[in-house]
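The sequence shown begins at 49 in this note's numbering and counts up one residue at a time. Report on the following structure.
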Amino acid sequence: MQSELCLHQIFAQQAALRPGAPAVCDTAEELTYRQLDERAARLAAVILREVAGPGARVGLHLARGNAVVVAILATLKAGCAYVPLDPAYPAERVQYMADDASVDLVLTDADPAAGGSTVPAAKRVVTIDPGLWADDAPRADEVEVSPQAPAYVIYTSGSSGTPKGVEVSHANVTALLAAFDQLLETDSSDVWTLFHSYCFDFSVGELWGALAHGAKLVVVPAQAARSPEAMLDLLAAEQVTVLNQVTSAFRYLSRAATAAGSTAGAKAAQALRYVIFGGEVADIDAVREWRQVLGTNTAFVNVYGITETTVFATGRQLLPAEIDVPIGSPAPAGSADPALNIGPPLDGFELAVLTPEGDLTEPGEIGEIYLAGPQLAIGYLNRPELDAERYPVLALPGQEPRRYYRSGDLVMLRADGALEYAGRADDQVKINGYRIEIGEVETALRATPGIGDLVVVPTTSRVGEKMLVAFYTAPDGGAPDAGLAERLTGHARAALPAFMVPGRFVHVPELPLSPAGKTDKRALAARLR
49 MQSELCLHQI FAQQAALRPG APAVCDTAEE LTYRQLDERA ARLAAVILRE
99 VAGPGARVGL HLARGNAVVV AILATLKAGC AYVPLDPAYP AERVQYMADD
149 ASVDLVLTDA DPAAGGSTVP AAKRVVTIDP GLWADDAPRA DEVEVSPQAP
199 AYVIYTSGSS GTPKGVEVSH ANVTALLAAF DQLLETDSSD VWTLFHSYCF
249 DFSVGELWGA LAHGAKLVVV PAQAARSPEA MLDLLAAEQV TVLNQVTSAF
299 RYLSRAATAA GSTAGAKAAQ ALRYVIFGGE VADIDAVREW RQVLGTNTAF
349 VNVYGITETT VFATGRQLLP AEIDVPIGSP APAGSADPAL NIGPPLDGFE
399 LAVLTPEGDL TEPGEIGEIY LAGPQLAIGY LNRPELDAER YPVLALPGQE
449 PRRYYRSGDL VMLRADGALE YAGRADDQVK INGYRIEIGE VETALRATPG
499 IGDLVVVPTT SRVGEKMLVA FYTAPDGGAP DAGLAERLTG HARAALPAFM
549 VPGRFVHVPE LPLSPAGKTD KRALAARLR
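Here you go:
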């Protein structure tokens with residue numbers, strides 16, 4: 049991958065090489081590389097008419113479809129950075145992100161005047177319309193853009209009660225692509241899915257994994273993303289070869305694919321070359337069942353990564369000795385648990401595992417992951433104090449001082465060099481691949497009228513899925529009024545994205561305290577067993 053080029057320039061090279069090859073498709077149409085390039089160039093001209101010039105931030109408020117890919121490319125061609133604004137998020141959250149990012153323009157496919165619209169107020173709002181890229185519409189002239197310029201700002205959950213934006217450059221993403229080329233062997237014959245929302249950074253790897261290699265990208269419709277059976281049908285019909293999944297989604301997909309009589313499962317498995325896991329601990333038994341029933345054509349790749357280090361930071365292919373064995377088999381003697389072994393750092397990364405005192409750990413010790421390298425993001429938007437805290441400059445033994453990212457993730461460095469994931473050093477959790485700061489959920493819910501106190505506890509459901517449970521008290525420890533539970537649920541849905549809304553709300557007379565005087569969340573979690 050050419051690090052001196054920007055992302056849209058890498059795409060332009062592919063469009064010149066294979067103009068008639070399929071680039072992207074949704075349920076409505078398929079676009080070739082030439083058609084996608086032309087649409088993006090014409091939409092880029094619209095963007096440049098509406099903003100002050102290159103360097104602006106453009107909010108994308110769009111439903112799943114080809115228009116998302118066109119808009120991302122157009123924004124980059126205009127020398128701007130895109131800011132994903134999910135239409136399904138609460139309007140207040142969407143407006144906060146648009147304001148915090150100081151977006152100069154919002155591109156939307158919704159009617160801003162319609163009831164229930166979450167289109168944010170902005171300096172300019174343009175509704176996406178096919179006329180914007182009609183054959184007679186002007187194309188944007190090429191804009192000079194540095195590879196160090198921002199490509200996007202993605203918002204993640206924030207412990208202070210509001211989401212925080214992470215600004216990522218073109219060079220950060222091209223470094224990711226170059227590193228991933230060492231882990232996977234993909235080319236223009238592959239078919240990738242855009243399974244994840246473009247508001248989730250997993251989408252960056254999916255989109256550019258396809259377009260930077262001249263491959264085809266299939267935009268997964270929302271209905272298929274929620275239905276394992278519909279997803280299997282899509283994989284089989286499109287002959288998808290590279291699939292990115294969070295573990296919880298793959299678990300259901302594997303069950304559907306291996307069910308008796310699933311012809312779609314067999315057809316999908318014949319084409320599927322790679323499944324890439326991220327966001328959650330891998331489900332090794334789901335992989336074993338897939339391979340036992342559907343064959344060993346598919347390789348499984350376990351990755352670990354963070355938005356602040358551009359999607360993926362470590363990764364490895366699962367070994368036959370780990371997955372071509374009976375379901376429930378333990379890890380080979382002396383080896384790391386394959387579900388927790390997150391692999392070595394990707395090419396270009398320097399990884400250090402440090403104690404709370406800042407010393408390098410010894411094999412067998414648990415410490416926090418620190419990462420350095422060309423994938424480290426530009427930093428947090430408008431958060432210099434957080435930048436200083438999470439991106440410290442460290443002089444480790446035998447090295448010159450360099451900028452690291454402090455991940456908050458704990459690992460055990462094994463004697464064989466394997467990194468075994470050991471949890472978090474703080475209250476952050478991941479559910480369905482989404483990072484959630486417990487503090488942000490608690491802050492939002494405590495604003496509900498009639499609440500005494502409230503804490504949120506992560507737990508695991510009876511079917512093995514992670515979920516959040518909110519425990520709350522009434523004022524003065526009394527009985528809650530009849531409408532409090534309903535108000536809590538309604539307030540959560542109005543203030544938080546769906547993935548952050550607790551699955552249960554439980555009233556307790558009082559919150560138990562630990563010997564240290566803090567809320568005893570373990571005692572609360574034990575009540576659910």
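Even for Gly, the Cβ is constructed at its ideal location relative to N, Cα and C.
Take residue i and list the residues in its own chain whose beta-carbon comes closer than 6 angstroms to its own, dropping the five residues that flank it on each side.
| i | result |
| --- | --- |
| G253 | V359 |
| L442 | Y452 |
| L259 | F59 |
| V142 | L133, T166, P168 |
| D281 | A312 |
| E78 | P70 |
| H244 | F250, S251 |
| L153 | E98, V99, V106, R172 |
| L231 | G363 |
Just confirm the distance between the C-beta atoms of residue i and residue j, as a whole number of angstroms; I'd bet it's less than 8 angstroms.
| i | j | result |
| --- | --- | --- |
| V290 | V266 | Actually they do not touch by this definition, with Cβ atoms about 10 angstroms apart. |
| L388 | L419 | That pair is no contact at about 18 angstroms. |
| I332 | I371 | 7 angstroms |
| A317 | L342 | 4 angstroms |
| P102 | V193 | 7 angstroms |
| V201 | L242 | Contact doesn't hold; Cβ gap of about 19 angstroms is too wide. |
| G353 | E416 | With 8 angstroms as the limit, G353 and E416 do not qualify as a contact, their Cβ atoms being about 16 angstroms apart. |
Would residue i be called buried (16 or more neighbouring beta carbons within 10 Å of its own) or exposed?
| i | result |
| --- | --- |
| N345 | exposed |
| L65 | exposed |
| A223 | buried |
| P445 | exposed |
| R274 | exposed |
| A76 | exposed |
| D529 | exposed |
| S509 | exposed |
| A546 | exposed |
| T156 | buried |
Looking only at its own chain, which residues have a Cβ that is under 7 angstroms from the Cβ of residue i, when we skip the five neighbours before and after it?
| i | result |
| --- | --- |
| S562 | D568 |
| A278 | Q271, A272 |
| L559 | D501, V503, F519, T521, T567 |
| R483 | T204, S205, Q476 |
| I466 | A quick correction: the sequence has Ala, not Ile, at residue 466. Counting only Cβ-Cβ distances below 7 angstroms, and skipping sequence neighbours, we find A384, N389. |
| V549 | A540, R541 |
Excluding sequence positions up to five away, which residues of its chain have a Cβ less than 8 angstroms from the Cβ of residue i?
| i | result |
| --- | --- |
| N220 | A199, T358, P422, Q423, L424, A425, I426 |
| H261 | Q62, T234, D235, S236, D238 |
Assign residue i to one of three DSSP states: helix, strand, or coil.
| i | result |
| --- | --- |
| Q447 | coil |
| H218 | helix |
| T175 | strand |
| A314 | helix |
| F248 | coil |
| P374 | coil |
| I484 | strand |
| V94 | helix |
| L424 | coil |
| N292 | strand |
| K478 | strand |
| V341 | helix |
| F360 | coil |
| V99 | coil |
| Q365 | strand |
| A284 | helix |
| A518 | strand |
| S302 | helix |
Handout entry: Stretch pair the segment 514 to 528 + the segment 544 to 562: three plus CB contacts closer than 8 angstroms
Key = yes
Inset, instruction - Give a yes or no on contact between the segment 208 to 216 and the segment 66 to 79, applying the rule of three or more CB pairs nearer than 8 angstroms. - result: no
Three or more beta-carbon pairs under 8 angstroms between the segment 386 to 395 and the segment 172 to 184, yes or no?
no
Are the segment 458 to 467 and the segment 399 to 414 touching by the rule of at least three beta carbon pairs closer than 8 angstroms? yes
Inspect the CB distances between the segment 96 to 112 and the segment 216 to 232 and report whether three or more fall short of 8 angstroms.
-> no
Determine, using beta-carbon pairs with one atom in the segment 145 to 156 and one in the segment 108 to 118, whether at least three such pairs fall under 8 angstroms. yes
Original post:
Taking one C-beta from the segment 288 to 306 and one from the segment 122 to 138 each time, how about it: are there three or more such pairs within less than 8 angstroms?
Top reply: no
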